[in-house]
Structure formats: C-alpha cells, structure tokens
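Mapping of the sequence shown onto the UniProt record's numbering: position 140 corresponds to residue 140, and the numbering continues sequentially without gaps. Glycine included, every Cβ here is placed at the ideal spot set by N, Cα and C. Fair warning: this is a prediction, and the values are worked out from it, not measured in the lab.
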Amino acid sequence: MSKNETKNYSLQPGEKRIVIPIDDNTSCYSMSMFSYITPEGIPYLSYENEQTNELNFYRLDSCKLSHKIKIAMEGPDAVGRFIGHTVIDLDNILIFNQFKISKINKSGKILDKYDLITDTQMALAHPPTSKVYTPMILQDSSIYLYQALKFSDKHYSGDDLEKYPLCIKVNMQTKQTKTLPLTYPRLWEAKNENGIFTCSRDYDGTNFVYSFFISNSIHVTNDNKTFKEYPCKSRYINGSPKNHTAPDIKTIRKESIENASYGNIIYDKYRKVYYRFFQPACEVSPNENITDLMKTGKKFSIMILDKDFKVIGETLFPENIYIPVMFFILKDGLYISDNNFQNPEFNENVLSFRRMDLIEL
Numbered sequence: 001m002s003k004n005e006t007k008n009y010s011l012q013p014g015e016k017r018i019v020i021p022i023d024d025n026t027s028c029y030s031m032s033m034f035s036y037i038t039p040e041g042i043p044y045l046s047y048e049n050e051q052t053n054e055l056n057f058y059r060l061d062s063c064k065l066s067h068k069i070k071i072a073m074e075g076p077d078a079v080g081r082f083i084g085h086t087v088i089d090l091d092n093i094l095i096f097n098q099f100k101i102s103k104i105n106k107s108g109k110i111l112d113k114y115d116l117i118t119d120t121q122m123a124l125a126h127p128p129t130s131k132v133y134t135p136m137i138l139q140d141s142s143i144y145l146y147q148a149l150k151f152s153d154k155h156y157s158g159d160d161l162e163k164y165p166l167c168i169k170v171n172m173q174t175k176q177t178k179t180l181p182l183t184y185p186r187l188w189e190a191k192n193e194n195g196i197f198t199c200s201r202d203y204d205g206t207n208f209v210y211s212f213f214i215s216n217s218i219h220v221t222n223d224n225k226t227f228k229e230y231p232c233k234s235r236y237i238n239g240s241p242k243n244h245t246a247p248d249i250k251t252i253r254k255e256s257i258e259n260a261s262y263g264n265i266i267y268d269k270y271r272k273v274y275y276r277f278f279q280p281a282c283e284v285s286p287n288e289n290i291t292d293l294m295k296t297g298k299k300f301s302i303m304i305l306d307k308d309f310k311v312i313g314e315t316l317f318p319e320n321i322y323i324p325v326m327f328f329i330l331k332d333g334l335y336i337s338d339n340n341f342q343n344p345e346f347n348e349n350v351l352s353f354r355r356m357d358l359i360e361l
C-alpha cells in the first residue's frame, strides 16, 4: 500500500460483553449514561434511572452496582426531576433540571448551582441537558452546552437558522452564562419549511463536531465562531435525508423510524477516530411497536472517520439486536447495548453491552 492510499476499516461485534444485573426498580433503557474512569483506572458507568429519579453507578470491571445517588425532589437539597448529567468525579456530579445545573456530591448534597438562562432561550430553546447524543463539555473551568431549538408551528427559513446560537457557555468560577457567536448552519434554502434541525455533538479536545440529522456533511468548529464542513455521506442513502415534519404526532413518530437520517457522532480518543451513526430508510409494519422502535430504531450503520474527518469505513448492523443510542467507550473499544426489546435474548433484568472491534480491512 502506498503512503497516499487510505486504509479501510469496519466495526465487527467482538466476543467481549459486559452484562450487569439490575434491580426491579431500574429500567434497562436510558439515553443518559456515560463511562467514567477514576484516576486509579477503575471504570464506572453512570446510569440515569428516570423511574426512581436516581443516578446509578456500576463498576464495569466487576459488573456490579457500586452505589446510587437519590436526587431529592424536596427539601434543602431538592433538584427535582432531573434530565441529563455529567460526572466530573465520583464526588462531583452535574445534574440538569430545566434551565439550571446543580453540582452534587456522592450523597446527593448540593454543592453549587448554575443558572442557564440567556436572552435567547426561553422562547426558542429546549432546556439544555447532557445525554449520549449531546454530552456536556467541560473545558478550562467552563461548561459548553448544545442549545436545541424547539419544534413549533413556526417555519424556519435558512436565514432564520443562521440567527440562532448553537452553544451556551457557563463559566463555573464567575457563573456567567452566555451564548457563543456560532449559529445553526444553513441546513436548507426553503423560506417556509418546518424542517429537522436536530443534531448530535461531541468534542475531541480541540474541535466541536456536529452531526445534523438531515445533513450529508458534518460541521466542525474549534472556535465556536465559524464552521468547516466535511462531506460525510452514508453509502446506504440516495440523495439527502427527507426534510419535513408531518402534521400530526402519530405520523411524526412513524416517519422518524422509517425515514433515512443521521444520528450520534462519537469521538473515540483511544483509537483517534469518530463514529457517525446512520439510520437507513425502512418500513414499519402495523404489528410493530412504535413506542419501542422510537427507542431502538430498526436498521442502523456506523460510519468511521479518521482524525481528518475522512470516511474510512461503514458497517451495517443487523436489525433488532442492538440499541444504537446506548453506548460508551472504554480503552479496549466501543460498547453498544445488545439488549434490544426484539432481540430473542432480551433480558429486562440486565444491562448488556457488546464490544465492537475496529478492524482494518
């Protein structure tokens, strides 16, 4: 192979699995879960349990529950119903509730609070959060949060999108909250289109990388002022993803499963690659459970990008085995839940993840 020739890669299910028993009060599905490795090298999984308003911590080496943090609904340390979290360390955790962040310790005691209100948010944006598709970024004592626009009856033109900030910055020392100059890219040209502007975002230590669900490109910024666009089209799509929202919620739910779209972008710091998830077009039959499919999808592939954002591979995975929104990265690889509700081996009493091995072809 010459120096200018590109190596190609695929992701293949490996032999290693992590299977963690859970109790009856813990759901086997969550979109807010992160791996955390202590300075001593002990790997943990922080796992948000909406049913009990608790944050569970599991040891990934022993596959056992370490501890739970009960998030208070009332009293002096009340946070309320939380959605999203980030682990700084085992005794410093950030919890999201509407337009506020509470820093708590291992006992659930509030250590500090941060207000996320800016002048553009209340009317336009969802409350910021930290989930697998848009993890909170902590850099130089500042928090960087993705600002998601609300779906509404308002039609956003290409010009409109370019007015709305994408990122909120919170200085943890001064507690100043501000929107950064970078705005949504021009995802479409139509003047009256209520399109799909959802995205996933990750950070590689230098660049914020955005994967907009209707775009055949990824958008990269290192200064939160301007984007650089890189082509990143799946081999399993003709043209571009469909860009419209249906008139009723039932159709929206069905089309979100059937229509081709991009998904999460993840940076793998151990292998210096990015993974971009993609959902090929499919059909939902009348006997299939829409609620379950909203969580798991049907088909998906994972694109592999090198450090220069060039596509170096794409792997299509079988239907009804994995849950592509439940994943984490460890030193030995990318782990994805193989506990799909339609999987013949589905077990509601465990969290189960299979390692995906990055293989050179």
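From the options, pick the residue whose C-alpha is nearest to that of residue i; which is it?
| i | options | result |
| --- | --- | --- |
| Val37 | Leu90, Lys100, Gly75 | The residue you asked about is not Val; residue 37 is Ile in the sequence shown. The candidate whose alpha carbon is nearest that of Ile37 is Leu90. |
| Thr221 | Asp332, Lys64, Leu182, Lys242 | Leu182 |
| Asn49 | Lys64, Asn243, Cys28 | Cys28 |
| Ser215 | Ser337, Pro344, Phe278, Gly205 | Phe278 |
| Glu255 | Asn264, Asn243, Ile266, Ile265 | Asn243 |
| Thr86 | Ile117, Gly41, Phe57, Phe34 | Phe34 |
| Asp292 | Asn264, Arg253, Val311, Ser261 | Arg253 |
| Cys167 | His67, Ala148, Phe197, Ile359 | Ala148 |
| Phe213 | Asn264, Leu138, Met31 | Asn264 |
| Val325 | Asn92, Tyr262, Lys169 | Tyr262 |
| Asn171 | Asp140, Asp159, Lys68 | Asp140 |
| Gly84 | Asp338, Gly297, Ser32, Thr134 | Ser32 |
| Lys298 | Thr26, Tyr322, Arg81 | Tyr322 |
| Tyr146 | Leu361, Phe317, Lys178, Asp160 | Lys178 |
| Ile249 | Met294, Asn8, Tyr236 | Met294 |
| Tyr270 | Asn340, Ser211, Asp332 | Asp332 |
Counting along the chain, where does the alpha helix (DSSP H) carrying residue i start and finish?
| i | result |
| --- | --- |
| Lys295 | 290-296 |
Evaluate residue i with the Cβ neighbour count: other Cβ atoms within 10 Å of its Cβ, from every protein chain shown; 16 or more gives buried, anything less gives exposed.
| i | result |
| --- | --- |
| Asp202 | buried |
| Met356 | buried |
| Ser107 | exposed |
| Ser285 | exposed |
| Ile304 | buried |
| Thr251 | exposed |
| Leu94 | buried |
| Met122 | Note on Met122: pLDDT 47, under 50, position unreliable in the model; no value is reported. |
| Arg276 | buried |
| Arg186 | exposed |
| Glu40 | exposed |
| Asn192 | In this prediction, Asn192 scores a pLDDT of 49, lower than 50, which makes its location untrustworthy; the coordinate-derived value is nonetheless stated afterwards. Counting Cβ neighbours within 10 Å, Asn192 comes out exposed, since fewer than 16 surround it. |
| Glu348 | exposed |
| Asn97 | buried |
| Tyr184 | buried |
| Gly313 | buried |
| Asn289 | exposed |
| Tyr267 | buried |
Report yes if the C-beta distance between residue i and residue j is below 9 Å; otherwise report no.
| i | j | result |
| --- | --- | --- |
| Ile104 | Val132 | no |
| Val209 | Tyr144 | no |
| Pro43 | Leu330 | yes |
| Ile20 | Leu65 | yes |
| Ala260 | Pro231 | no |
| Pro241 | Ile196 | yes |
| Phe300 | Phe327 | no |
| Leu351 | Leu45 | yes |
| Thr134 | Ser30 | no |
| Asn56 | Ile88 | no |
| residue 382 | Asn53 | Given a span of 1 to 361 for the chain in the structure shown, any question on residue 382 remains unanswerable. |
| His126 | Lys163 | no |
Per DSSP, residue i forms a beta bridge with which residues?
| i | result |
| --- | --- |
| Cys167 | Tyr146 |
| Gly333 | Leu330 |
| Gly313 | Ile304 |
| Ser46 | Phe34, Phe57 |
| Cys199 | Phe212 |
| Asp89 | Asn92 |
| Tyr114 | Ile101 |
| Val325 | In the DSSP output, where bridge partners are listed per residue, Val325 has none listed. |
| Leu138 | Ile143 |
| residue 363 | Residue 363 is absent from the structure shown; the chain starts at 1 and stops at 361. |
| His67 | Phe57 |
| Lys131 | Thr134 |
| Thr183 | Pro165 |
With a threshold of 9 Å between beta-carbons, can residue i be considered close to chain C, or not?
| i | result |
| --- | --- |
| Lys298 | No chain C is part of this structure, which consists of one protein chain only. |
I need the boundaries of the beta strand (DSSP E) containing residue i, first residue and last residue.
| i | result |
| --- | --- |
| Ser256 | Run containing Ser256: none in the beta strand (DSSP E); it sits in the alpha helix (DSSP H), 249-258. |
| Pro21 | 9-21 |
| Thr179 | 177-179 |
| Tyr262 | 261-268 |
| Gln279 | 273-279 |
| Arg355 | 350-360 |
| Pro231 | 228-231 |
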